[in-house]
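So the structure is just underneath, and the comments pick up after that.
In this note's numbering, the protein residues as written are 5 to 229.
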């Protein structure tokens, strides 16, 4: 997304460690090794006050008809891009985001069978905004990692975990220059190192911060998957 900042999205199945890796990457981006960037962390759904209300309705309420669910995600996305992501990028910040367009395409479009209209509606809602880099944390679905309190949507995504994993990989294959697929079935520090390297390479490609050390540990692994 051309605007002066840099936009990174993390995607992948439930339990792959997105929250942990977002925390680690954000901490590293703040360091001198990464250019001491200003970082905005956010998520979809739920990155705005309106998004919090929509997230509650979508993920913790009763059954939502699939078409209505896709439109609620699109509404959240439109507001989120306009009020959080775009302003941050225009300031020159780095935006690190948990889930975006690919999650809707893979979950509603593929697993729920709503097809290509999901992508078209989402792109319309977001005025065509696409991340500079999407990091897909890839891992074989594992029941133990999903054995926790799940919301309504998580329970349904677990049921389609293998299909969704392939869906994310298929998305990455369509535009490999805009995606980084990282093996998330390894120790947290190893995954974080690969994420940093992918981000460093992408920043340098678009003329971002240069000369920083992608191998610097930055911060200690912490957080929960």
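Even for Gly, the Cβ is constructed at its ideal location relative to N, Cα and C.
*asked:* Quick check on the DSSP output: the beta strand (DSSP E) that includes residue 101 runs from which residue to which?
replied: Position 97 of the chain shown, counting from 1, holds the residue named residue 101. It spans 98-102 - the beta strand (DSSP E) in which residue 101 sits, taken as one unbroken run.
*6 angstroms CB neighbourhood of residue 97 in its chain, flanking five on each side removed*: Here residue 97 refers to the residue found at position 93 of the chain shown. So the list reads 9, 42, 44, once near-sequence residues are dropped.
_Taking 8 angstroms as the limit between beta carbons, can you name the residues of its chain near residue 195, skipping five residues before and five after?_
Locating residue 195 in the chain shown gives position 191, counting from the first residue. Around residue 195, the same chain offers 21, 25, 141, 186, 187, 188 as residues with beta carbons nearer than 8 angstroms, after the five sequence neighbours per side are excluded.
*Verify whether the separation of the beta carbon atoms of residue 134 and residue 203 is less than 8 angstroms.*
Stepping through the chain shown from its first residue, residue 134 is reached at position 130. Stepping through the chain shown from its first residue, residue 203 is reached at position 199. Taking 8 angstroms as the Cβ cut-off, residue 134 and residue 203 do not qualify as a contacting pair.
*Whose C-beta lies closer than 6 angstroms to the C-beta of residue 101 among residues of the same chain, with five residues either side of it excluded?*
Here residue 101 refers to the residue found at position 97 of the chain shown. Cβ neighbours of residue 101 beyond the five flanking positions: 13, 46.
*Over the uninterrupted beta strand (DSSP E) stretch that includes residue 45, give me the two end residues.*
On the chain shown, residue 45 is found 41 positions in, with the first residue counted as 1. Here the beta strand (DSSP E) through residue 45 covers 43-47.
*Helix, strand or coil for residue 52, going by three-state DSSP, please let me know.*
As a working note, residue 52 is residue 48 in the chain shown. Looking at residue 52 - three-state DSSP - the assignment turns out to be coil, as it is neither helix nor strand.
*From 88, 18, 209, pick the residue whose C-alpha is nearest to that of residue 107; which is it?*
Taking the first residue of the chain shown as position 1, residue 107 is located at position 103. Closest option to residue 107, Cα to Cα, is 18.
_Mapping the DSSP letters down to three states, classify residue 133 as helix, strand or coil._
The sequence position of residue 133 within the chain shown is 129, counting from 1. Here residue 133 sits in coil by DSSP.
*What's the C-alpha gap between residue 222 and residue 28?*
Position 218 of the chain shown, counting from 1, holds the residue named residue 222. Position 24 of the chain shown, counting from 1, holds the residue named residue 28. Caution is warranted here: a pLDDT of 43 is assigned to residue 222, below 50, making its placement in the model unreliable, and no coordinate value can be reported.
*May I ask you to list the residues that DSSP assigns as paired with residue 11?*
In the chain shown, the residue the question calls residue 11 occupies position 7. BP columns for residue 11 point to 99.
*Closer than 7 angstroms by C-beta to residue 214: which residues in its own chain qualify, once you throw out the five before and the five after it? Chain order, please.*
As a position in the chain shown, residue 214 is number 210, starting the count at 1. Any reading at residue 214 needs caution, since the residue's pLDDT is 40, under 50, leaving its predicted position unreliable; the model's value is listed next. Result list for residue 214: 208, in chain order.
*Just tell me which of 113, 49, 129, 130 has its CA closest to the CA of residue 122.*
Looking up residue 122 in the chain shown gives position 118. The candidate whose alpha carbon is nearest that of residue 122 is 113.
*Hey, out of 48, 70, 116, whose CA is closest to residue 83's CA?*
For this step, residue 83 is matched to residue 79 along the chain shown. Ranking the options by Cα distance to residue 83, first place goes to 48.
*Would you report the Cα separation of residue 39 and residue 199, rounded to the nearest angstrom?*
Within the chain shown, residue 39 is the residue found at index 35, counting from 1. Within the chain shown, residue 199 is the residue found at index 195, counting from 1. One C-alpha to the other measures close to 16 angstroms.
*Chain-order list of residues whose beta-carbon lies under 8 angstroms from that of residue 104 (same chain, five-residue window excluded)*: One-based indexing of the chain shown puts residue 104 at position 100. These residues qualify, in order along the chain: 13, 15, 48, 81, 135, 138.
*N-terminal and C-terminal residue of the alpha helix (DSSP H) that residue 77 is part of*: In the chain shown, residue 77 corresponds to position 73, counting from 1. Counting along the chain, the alpha helix (DSSP H) containing residue 77 begins and ends at 70-84.
*Tell me the DSSP bridge mates of residue 140?*
Along the chain shown, one-based indexing puts residue 140 at 136. Note: residue 140 sits in a beta bridge opposite 15, 185.
*To the nearest whole angstrom, what separates the beta carbons of residue 125 and residue 86, a pair I think is in contact under 8 angstroms?*
Within the chain shown, the letter at position 121 stands for residue 125. Within the chain shown, the letter at position 82 stands for residue 86. Wrong, their Cβ atoms sit about 16 angstroms apart, outside the cutoff.
_For residue 195, the first and last residue of its enclosing alpha helix (DSSP H)_ = For this step, residue 195 is matched to residue 191 along the chain shown. From DSSP, the alpha helix (DSSP H) with residue 195 extends over 192-209.
*Taking the CB atoms as reference points, tell me whether residue 88 and residue 168 lie closer together than 8 angstroms.*
Walking along the chain shown from the start, residue 88 turns up at place 84. Walking along the chain shown from the start, residue 168 turns up at place 164. It is not a contact, given that the beta carbons lie outside the stated cut-off.
*Looking at residue 118 and residue 164, is the spacing between their C-beta atoms short of 8 angstroms?*
To locate residue 164, count along the chain shown from 1; it is residue 160. To locate residue 118, count along the chain shown from 1; it is residue 114. Not in contact: residue 164 and residue 118 (Cβ atoms no closer than 8 angstroms).
*Using the C-alpha atoms, what's the distance from residue 170 back to residue 184?*
Position 180 of the chain shown holds residue 184. Position 166 of the chain shown holds residue 170. Distance between the alpha carbons of residue 184 and residue 170 is about 15 angstroms.
_Option nearest residue 191 by Cα separation, candidates 57, 94, 176, 143_ = Along the chain shown, read from residue 1 onward, the residue named residue 191 stands at position 187. Ranking 57, 94, 176, 143 by Cα distance to residue 191 puts 143 first.
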